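Only one structure is covered here, and it is reproduced in the block below.
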Amino acid sequence: MEDSTKLIVIDDEGKEIEMEILFTFEDDSRTKQYVLYTNPLDEEGEVFASTYDNEGHLFPITDEKEWQMVEEVFAAYTDEFGDE
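Under my numbering, the residues of the sequence shown are numbered 63 to 146, in order.
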């Protein structure tokens, strides 16, 4: 997934949506890989985050501490790259 700029997610209605990958990162303490992505057609610019495996399967983040860590990484990303 690190080499791709797009990924496909399937919404609750079974519709495929092409998302744009903002960035990926690994957390060695949790031994997990994360991807942050957006829907380029969404005017509000909502950012989504998931974990993923080596085959590219996405998994939801359900742990509150894990979400806090992802939010901190995203905040650092936006501080560094701003509105690029």
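Heads up, the beta-carbon is just placed ideally off N, CA and C, and yes, glycines get one too. Treat the numbers as computed from the prediction; the structure is a model and nothing was measured.
T18: first and last residue of the uninterrupted alpha helix (DSSP H) it sits in: Outside the modelled stretch of the chain, which goes from 63 to 146, sits residue 18, for which no answer is possible.
Cβ separation of V132 and Y96, assumed to be a contact under 8 Å, to the nearest whole Å: The distance from the Cβ of V132 to that of Y96 is about 6 Å, consistent with a contact at the 8 Å cut-off.
Endpoints, beta strand (DSSP E) assigned at T100: Run containing T100: K94 to T100, per the beta strand (DSSP E) assignment.
Selected residue, minimal CA-CA separation from T67, among Y99, V109, E117 and K77: It is Y99 whose Cα lies nearest to the Cα of T67.
Unbroken alpha helix (DSSP H) run spanning T113, endpoints: Note, T113: premise wrong, no alpha helix (DSSP H); beta strand (DSSP E) at V109 to Y114.
Alpha-carbon to alpha-carbon, H119 and E82: Answer to the nearest angstrom: the Cα atoms are 16 Å apart.
Start and end residues, alpha helix (DSSP H) containing E150: Since the first residue of the chain shown is 63 and the last is 146, residue 150 is not available in this structure.
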